[in-house]
Each structure stands twice: as structure tokens, then as C-alpha cells.
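Chemist: Please find one structure pasted underneath; my questions will follow.
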Amino acid sequence: MKALYPYIFLIPVYIILVTGCVEPYAPPVIESDVNYLVVDGFVNSSDGTATVKLSRAIALSATTTPPPETGAAVSVEDDRGNSTSLSGDNAGNYTGAGIPIDITGKYRLKIRTLDGEEYISDYIELKQTPAIDELTWIPTDAGTRIVVTTHDDTGNSRYYQWSYDETWEYTAVYQSGLIFVDDTVDIRPYDEYIYRCWRTTSSQKIIIGSSDRLAEDLISKFPLITIAKGSQKLFIKYSMLLKQRALTREAYDYWEQLQKTTESLGGLFDPQPGKVAGNIHNTADSDEPVLGYFSGGTVVEKRLFIKFMDLPNDLKAYLTVGNCTQDTVLMADLPQYNSSFNELLGTATQGPFTIGFIYTSKSCADCRTQGGSLTKPDFWE
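In the UniProt record's numbering, the protein residues as written are 1 to 381.
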């Protein structure tokens with residue numbers, strides 16, 4: 001899952017009392033420089049892997065991307081003295097595979113940064129995650145809502161977290177049948193068609209749910225996302241790969257607190273920002289804020305497909321992408337044709353003669369300009 005808390009840091013609780021007009025107020029600390037370590041770690045007992053993302057926090061007012069923490073020595077230890085080192089990359093991702101994980105054991109994370117600071121997490125227990133009973137969609141006035149149902153007969157789960165990867169198939173507005181190479185126009189080869197794409201993105205928000213207040217350990221039709229009517233995601237076919245994992249009560253409390261802090265701010269009566277305490281600490285300085293949480297257990301997955309033709313009529317809608325128009329370049333002007341910004345669609349004729357070529361902008365004829373790939377996913381049905 002994507003880490004959201006690189007943008008969160010310790011902010012003193014503040015209350016604004018007003019007697020007249022309410023004016024926006026940004027606490028000075030929002031502008032302050034922060035350099036706290038941010039950790040997102042998980043040990044997966046389903047496949048014996050561990051993934052850790054390290055970065056540095058930035059101020060809430062910053063518009064840059066949180067910088068990755070590279071060159072660290074990262075390892076996962078169990079309560080029996082076994083340790084596995086993780087390999088890092090230039091993006092601050094640290095991974096390990098083939099880890100002999102015992103679901104009954106306890107594990108912790110150790111980090112030594114390049115500047116010599118050492119961090120360690122609390123020992124965690126691994127949670128066994130129940131299967132996903134159903135992943136389906138429900139038509140609503142707002143769009144297509146995707147919901148999940150799960151339960152645990154043993155009653156040992158109670159706290160759940162979900163993340164997902166969503167993939168959708170879409171096309172450009174126009175299909176380019178010609179290609180301009182070396183100042184000449186030719187038929188576009190089939191394997192170079194740029195009309196149909198598939199795009200994949202991952203969930204960005206914290207999605208958690210609990211059955212703690214229910215008699216049964218049951219989550220029924222929990223809403224994950226709602227895809228708006230007319231969204232490109234549902235133009236042809238959409239797929240979601242949902243990942244579910246059970247949490248400990250401590251981990252759930254952390255994610256719930258972080259969710260409130262990151263997603264509920266903005267109004268005078270919203271929860272005010274404060275310290276989001278995780279389970280990772282600086283071994284030499286217990287007062288140093290460290291953002292993030294290390295957890296572990298099994299992960300279960302389920303995939304859903306939605307086809308455009310399966311939608312009810314009131315949800316079948318297309319929204320055009322941008323202002324797509326066509327124009328013609330005459331044969332005499334072809335040397336000045338700019339193929340860096342345009343794509344050729346077909347020939348322009350006058351009677352039996354070809355007088356030029358019809359073209360449009362790349363954004364209207366090359367589906368890749370909308371973030372997708374020409375490669376069809378292996379799982380696509």
C-alpha cells in the first residue's frame with residue numbers, strides 16, 4: 001500500500017476561538033522544516049516476504065515528494081534470535097524473500113540509517129487473515145460502489161485493513177492508422193498501435209474496518225470506493241485486486257488515528273492534528289518522533305471484474321477526454337508537419353486524389369498520454 005504519513009508530523013493541538021468572521025489560519029509549524037524518519041513495514045507470513053518503505057517526512061506546506069531514505073541496513077528479527085537482512089533500492093524500498101516465518105512467533109524490525117542512527121520496532125504478533133467472502137459492486141446514485149464482505153468464525157480477527165490495485169482498459173479518442181517516420185508517411189504496423197491501453201494504480205487512502213462492537217466477527221458489504229458515473233475506468237472493463245489483512249488492536253488504533261489526522265482535517269470542528277504514535281523508536285533517543293508502523297501476518301486476495309455492458313443503463317456514460325479535434329496537413333506542407341505533438345489518423349482525399357493527411361493531437365490519439373501502457377496484463381480476461 002502507498003504510505004500516506006510522510007506528510008504528517010507532530011503538530012501542537014491548536015484551537016481557534018472566533019467571535020466574528022472566521023479567517024483561515026495556518027499554524028507556523030506547518031511551514032517548519034522536519035526530517036523525521038517514516039517507516040511502512042510489513043512481514044507477510046503467506047509467502048515469507050517482508051517489505052519496508054523508508055522515507056523522510058516533509059512539512060505539510062511542501063509541494064515536493066518525500067525523499068526516500070536510502071543506504072540503510074534493514075533487517076527482520078524473530079523472538080528466537082533469527083535475523084534476515086533486506087535489500088534496498090534507490091527509492092527507499094527494502095525487501096526480503098524466503099524468510100522462514102512462524103505464524104506463532106513474534107517479529108520486530110531493525111533499522112540503521114547511513115548517519116548511524118538505530119531504530120527498532122516493538123515485537124509484533126502475526127495475525128491470521130480470514131478469506132474474503134465476497135467482492136462485488138452495487139449501483140448507486142453517485143456511481144458504482146465496490147464493497148467487500150468477510151467474516152471470521154473464530155472471532156479472532158475483528159480488525160481489518162484493505163488495499164487494492166485497480167486496472168482498467170480504455171482507448172484513445174481517435175485511432176491512428178498512419179505513422180510519420182523519416183519524413184515519410186506509412187501504414188502503422190499492428191504491433192505499434194497506440195489506440196488501446198491498460199492503466200494500473202494503487203489505493204492511496206487508509207481503508208480499515210472493525211467488527212469489535214458486533215456480536216459476530218462479520219464485515220458485510222463494507223464500501224471500498226465509488227467509481228463516478230462516466231469515469232474512464234468503466235469505459236470498457238475494470239478490475240480490482242483487493243488485498244485484505246487482519247490487524248492487531250494496536251495496529252488498528254494506529255491506522256485509525258492516522259486516518260482521522262490525514263483525512264478529517266479542514267473544518268473548525270474536525271479532529272485537530274496531533275501526535276500519531278507508531279511502534280518504532282530510536283534506540284538512543286526515545287523522544288525522537290518516528291512515523292509509521294511495523295506489522296505482519298497473512299494476506300488474502302480476491303479479484304473483481306466489471307464490464308461496461310454489465311452496468312445499468314443509468315450508469316453507462318462516456319466523458320470525452322479534452323477538446324479533441326481533427327485537422328488536415330496538405331502534401332505540400334508535410335515537411336513542416338510536427339510529429340512530436342500530433343498523430344496521423346488517415347488520408348485526406350479530393351475525388352480520387354490524396355491531397356494530404358488528417359491528424360489530431362497526441363493526447364487524442366495516443367492512449368499512453370493518459371498514463372496507461374500498451375501491454376495487456378496477464379490476468380486480463
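For every residue, glycine included, the Cβ atom is placed at its ideal position computed from N, Cα and C. Quantities reported herein were computed from a predicted structural model and do not represent experimental measurements.
Rounded to a whole number of angstroms, what is the C-alpha to C-alpha distance between T84 and D115?
Modeler: Residue mapping note: residue 84 aligns to position 84 of the sequence shown, counting from 1. Residue mapping note: residue 115 aligns to position 115 of the sequence shown, counting from 1. Going by the C-alpha atoms only, they are around 21 Å apart.
Chemist: Per DSSP, A332 is paired with what?
Modeler: The residue labelled residue 332 in the question sits at position 332 within the sequence shown. The partner list for A332 (beta bridge, DSSP) is empty, contrary to what the question assumes.
Chemist: Distance check for C324 and T51, CA to CA, integer angstroms please.
Modeler: Residue numbering aside, residue 51 sits at position 51 when the sequence shown is read from its first letter. Residue numbering aside, residue 324 sits at position 324 when the sequence shown is read from its first letter. Distance between the alpha carbons of T51 and C324: 43 Å.
Chemist: Using only the alpha-carbon positions, how far apart do T104 and F294 sit?
Modeler: On the sequence shown, position 104 is the one that residue 104 refers to. On the sequence shown, position 294 is the one that residue 294 refers to. Using only the alpha carbons, I get a separation of about 17 Å.
Chemist: Which residue marks the beginning of the beta strand (DSSP E) containing W380, and which one marks its end?
Modeler: Here residue 380 refers to the residue found at position 380 of the sequence shown. Taken as a continuous stretch (DSSP letters only), W380 belongs to no beta strand (DSSP E), as it is neither H nor E.
Chemist: Hey, V76 and V43: beta-carbon distance below 8 Å or not?
Modeler: Along the sequence shown, one-based indexing puts residue 76 at 76. Along the sequence shown, one-based indexing puts residue 43 at 43. Yes. Within cutoff.
Chemist: Straight-line CA distance for E343 to K362?
Modeler: As a working mapping, residue 343 is identified with position 343 in the sequence shown. As a working mapping, residue 362 is identified with position 362 in the sequence shown. Near 6 Å, if we compare the C-alpha coordinates of K362 and E343.
Chemist: If V185 and F357 are in contact, beta carbons under 8 Å, what's the gap, nearest whole angstrom?
Modeler: If you number the sequence shown from 1, residue 185 lands on position 185. If you number the sequence shown from 1, residue 357 lands on position 357. The pair is a contact, with the Cβ atoms about 6 Å apart (cut-off 8 Å).
Chemist: Pick from A317, T354, S339, D102: whose alpha carbon is nearest that of S231?
Modeler: One-based indexing of the sequence shown puts residue 231 at position 231. When only C-alpha atoms are compared, the closest one is A317.
Chemist: Looking at I280 and G292, is the spacing between their C-beta atoms short of 8 Å?
Modeler: Your numbering for residue 292 matches position 292 in the sequence shown. Your numbering for residue 280 matches position 280 in the sequence shown. Yes, Cβ-Cβ distance for G292 and I280 is below 8 Å.
Chemist: So if DSSP puts A317 in a beta bridge, which residue, or which two residues, is it bridged to?
Modeler: Position 317 of the sequence shown, counted from the start, is the residue given in the question as residue 317. Paired residues: none, contrary to the question.
Chemist: Is Q244 near T129, with beta carbons less than 8 Å apart?
Modeler: In the sequence shown, the residue the question calls residue 244 occupies position 244. In the sequence shown, the residue the question calls residue 129 occupies position 129. Yes. Within cutoff.
Chemist: Looking only at its chain, what residues have a beta carbon closer than 7 Å to the beta carbon of K53, apart from the 5 residues adjacent to it on each side?
Modeler: In the sequence shown, residue 53 corresponds to position 53, counting from 1. Counting only Cβ-Cβ distances below 7 Å, and skipping sequence neighbours, we find A3, D40, G92, N93.
Chemist: Suppose contacts are defined by Cβ-Cβ distances below 8 Å. Is P66 in contact with V38 by that definition?
Modeler: On the sequence shown, position 66 is the one that residue 66 refers to. On the sequence shown, position 38 is the one that residue 38 refers to. A contact, by the Cβ cut-off of 8 Å.
Chemist: Can you name, in chain order, every residue of its own chain whose Cβ lies under 6 Å from the Cβ of R196, other than the five neighbours on each side?
Modeler: Within the sequence shown, the letter at position 196 stands for residue 196. The residues are T171.
Chemist: Cα separation between A131 and F308?
Modeler: Here residue 131 is taken as the residue at index 131 of the sequence shown, counted from 1. Here residue 308 is taken as the residue at index 308 of the sequence shown, counted from 1. Using only the alpha carbons, I get a separation of about 28 Å.
Chemist: With a threshold of 8 Å on Cβ separation, who are the neighbours of I99 within its own chain once the five nearest residues in sequence on each side are excluded?
Modeler: Counting from 1 along the sequence shown, the entry for residue 99 is found at position 99. Here the set comprises V43, G48, T49, A50, V76, T84.
Chemist: In terms of alpha-carbon separation, which member of G71, Y119, R112, N90 lies closest to E288?
Modeler: In the sequence shown, the residue the question calls residue 288 occupies position 288. Of the candidates G71, Y119, R112, N90, the one whose C-alpha sits nearest the C-alpha of E288 is Y119.
Chemist: Does DSSP put Y170 in a helix, a strand or coil?
Modeler: The residue labelled residue 170 in the question sits at position 170 within the sequence shown. In this structure, Y170 counts as strand in the three-state DSSP scheme.
Chemist: Hey, could you find the ends of the alpha helix (DSSP H) residue 382 is sitting in?
Modeler: The first residue shown for the chain is 1 and the last is 381, placing residue 382 beyond what the model contains.
Chemist: Give me the residue from G81, E381, F379, L374 with the minimum Cα distance to Y193.
Modeler: To locate residue 193, count along the sequence shown from 1; it is residue 193. Checked all of G81, E381, F379, L374; the closest Cα to Y193 is L374.
Chemist: Helix, strand or coil for A246 per DSSP?
Modeler: Position 246 of the sequence shown, counting from 1, holds the residue named residue 246. The answer is strand: DSSP assigns A246 an E or B state.
Chemist: Mark I207 as exposed unless 16 or more other C-beta atoms lie within 10 angstroms of its C-beta, in which case mark it buried.
Modeler: On the sequence shown, residue 207 is found 207 positions in, with the first residue counted as 1. Counting Cβ neighbours within 10 Å, I207 comes out buried, since at least 16 surround it.
Chemist: Taking just the CA atoms, how far does A72 sit from L241?
Modeler: As a first step, residue 241 is located in the sequence shown; it is residue number 241 there, counting from the start. As a first step, residue 72 is located in the sequence shown; it is residue number 72 there, counting from the start. Taking the straight line joining both Cα atoms gives about 31 Å.
Chemist: Suppose you measure from the CA of L345 to the CA of E381; what does that come to, to the nearest Å?
Modeler: On the sequence shown, residue 345 is found 345 positions in, with the first residue counted as 1. On the sequence shown, residue 381 is found 381 positions in, with the first residue counted as 1. Rounded to the nearest angstrom, the two C-alpha atoms are 29 Å apart.
Chemist: With a 10 Å radius around its C-beta and 16 neighbouring C-beta atoms as the bar for buried, classify A246 as buried or exposed.
Modeler: Looking up residue 246 in the sequence shown gives position 246. A246 comes out buried.
Chemist: With a 10 Å radius around its C-beta and 16 neighbouring C-beta atoms as the bar for buried, classify I146 as buried or exposed.
Modeler: The sequence position of residue 146 within the sequence shown is 146, counting from 1. Its Cβ being crowded by 16 or more others within 10 Å, I146 is buried.
Chemist: Can you look up D78 in the DSSP assignment and give me helix, strand or coil?
Modeler: Looking up residue 78 in the sequence shown gives position 78. If DSSP states are grouped into helix, strand and coil, D78 belongs with the strands.
Chemist: Just confirm the distance between the C-beta atoms of K106 and I124, as a whole number of angstroms; I'd bet it's less than 8 Å.
Modeler: Residue mapping note: residue 106 aligns to position 106 of the sequence shown, counting from 1. Residue mapping note: residue 124 aligns to position 124 of the sequence shown, counting from 1. Confirmed, Cβ separation roughly 6 Å.
Chemist: For G209, report the span of its beta strand (DSSP E) as first-last.
Modeler: As a working note, residue 209 is residue 209 in the sequence shown. Start and end: 207 to 210.
Chemist: In this structure, how does DSSP classify Y293 when only helix, strand and coil are distinguished?
Modeler: Sequence index remark: in the sequence shown, residue 293 carries index 293 (1-based). Strand at Y293.
Chemist: I need the straight-line Cα distance from residue 386 to F353, nearest angstrom please.
Modeler: The chain is shown only over 1 to 381; residue 386 falls outside these bounds and no answer can be derived.
Chemist: Using the Cβ count rule (16 or more neighbours within 10 Å means buried), how would you classify I306?
Modeler: Residue mapping note: residue 306 aligns to position 306 of the sequence shown, counting from 1. I306 is buried by the Cβ-count criterion.
Chemist: Give the straight-line distance between the Cα atoms of K229 and W198, rounded to the nearest whole angstrom.
Modeler: One-based indexing of the sequence shown puts residue 229 at position 229. One-based indexing of the sequence shown puts residue 198 at position 198. Approximately 19 Å between the Cα atoms of the pair.
Chemist: Exposed or buried, what is I138 when buried is set at 16 or more other beta-carbons lying within 10 Å of its beta-carbon?
Modeler: Within the sequence shown, residue 138 is the residue found at index 138, counting from 1. The residue in question, I138, is exposed, as its Cβ has fewer than 16 Cβ neighbours within 10 Å.
Chemist: Determine the closest residue to D183 out of W255, N338, A97, with distance taken between C-alpha atoms.
Modeler: The residue given as residue 183 occupies position 183 in the sequence shown. Ranking W255, N338, A97 by Cα distance to D183 puts N338 first.
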